[in-house]
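Everything in the sequence shown is counted per UniProt numbering, starting at 1 for the first residue and increasing by one.
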Amino acid sequence: MFGEFKEVMTKEFEMTDIGLVVYYLGIEVNKREDGSFISQVGYAREILKKFRMDNSKSINTPVECGVKLSKHDEEEKVDPTFFKSLVGSLRYLTCTRPDILYAVGLVSRYMEDPTTTHLKIAKRILRYIKGTIDFGLLYSTSNHFKLEGYSDSDWGGDIDDRKSTTGFVFFMGDTAFTWMSKKQPIVTLSTCEAEYVAATSCQSYVNYPQEAHRPPSLEELKEMAGEDILENN
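If you want it as structure tokens, here you go:
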């Protein structure tokens, strides 16, 4: 299959075969006996140095549990351009780091008028990255291909508009392959309703028609392996 694809592409485009991919747009691919490990170690080091956090003290979590931020924070303002650059750099790191997705999404809400409070939370993420810089995703060569989705939600976590935050992640076998953390579009009236909104978003991702460039489709994978979506309340 790979040989046929390469043959067709070389007929259409001028190409050079330089072997297996090892680096692509800041993402490192390490082929191992047990699978393919993808990470952004080099990119993470670059942003730590760029924002002068390479000598900072590492920390065990990207955000404190229960932290509440507001657009009406009265602390000193910081340079919005600097803050946007920091958050944008962190957002690209979520390509291989779903563990920071919620924290990055949280600080992304305050790019218009950031304060020192918001900047402190963003820099905490960098401190967490420093201590977990070699984290990544291992896509194993095992034959375990069951598709599982997990969803969750807080309730009224945003103190400015009382909207909740949805989070979900899909696993193929034992590795995550897609994930999301996003504020819900409506104000829910109970924890149960917020959880239903989160579960619906998760299920919609499975049901949504997949683009033609994603073979095999999720529907084909579901037929092949079965599907579970797990939710708590």
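C-beta: ideal position from N, C-alpha, C; glycine also.
A quick note: this is a predicted structure, and the numbers were derived from the prediction, not measured.
How many Å lie between E193 and V29 at the Cα?
40 Å
Where does L69 fall in DSSP's three states?
coil
Residue burial classification, P114 (beta-carbon count within 10 angstroms, cutoff 16):
buried
If we count Cβ pairs, one from each stretch, closer than 8 Å, do we get three or more for the region 45–63 versus the region 115–134?
yes
With distances taken Cα to Cα, identify the nearest neighbour of H118 among V78, P62, T96.
V78
Please report how far the alpha carbon of L90 lies from the alpha carbon of V104, in whole angstroms.
7 Å
At least 3 beta-carbon pairs within less than 8 Å: the region 67–74 vs the region 167–187
no
From which residue to which residue does the alpha helix (DSSP H) around E7 run?
2–12
Count the other C-beta atoms from every protein chain shown that fall within 10 angstroms of the C-beta of R162, then say buried if there are 16 or more, exposed otherwise.
exposed
Reference S142; option with closest CA among I186, D160, S36, S85:
S36
Have a look at Y110, S140, Y92, T61 and flag the residue whose alpha-carbon is nearest the alpha-carbon of R25.
First, the residue type needs correcting, since residue 25 is Leu and not Arg in the sequence shown. Closest option to L25, Cα to Cα, is Y92.
How far does the alpha helix (DSSP H) with I47 in it extend, from its first residue to its last?
41–50
Can you tell me which of the three DSSP states V87 falls into?
helix
Can you name the start and end residues of the beta strand (DSSP E) that Y102 belongs to?
Taken as a continuous stretch (DSSP letters only), Y102 belongs to no beta strand (DSSP E), being part of the alpha helix (DSSP H) at 101–108.
What distance in whole Å lies between the Cβ atoms of S151 and C202, which are believed to be in contact at a cut-off of 8 Å?
4 Å
Could you tell me the alpha carbon to alpha carbon distance between S108 and L137, rounded to whole angstroms?
24 Å
Should R97 be labelled buried (16 or more other beta-carbon atoms within 10 Å of its own) or exposed?
buried
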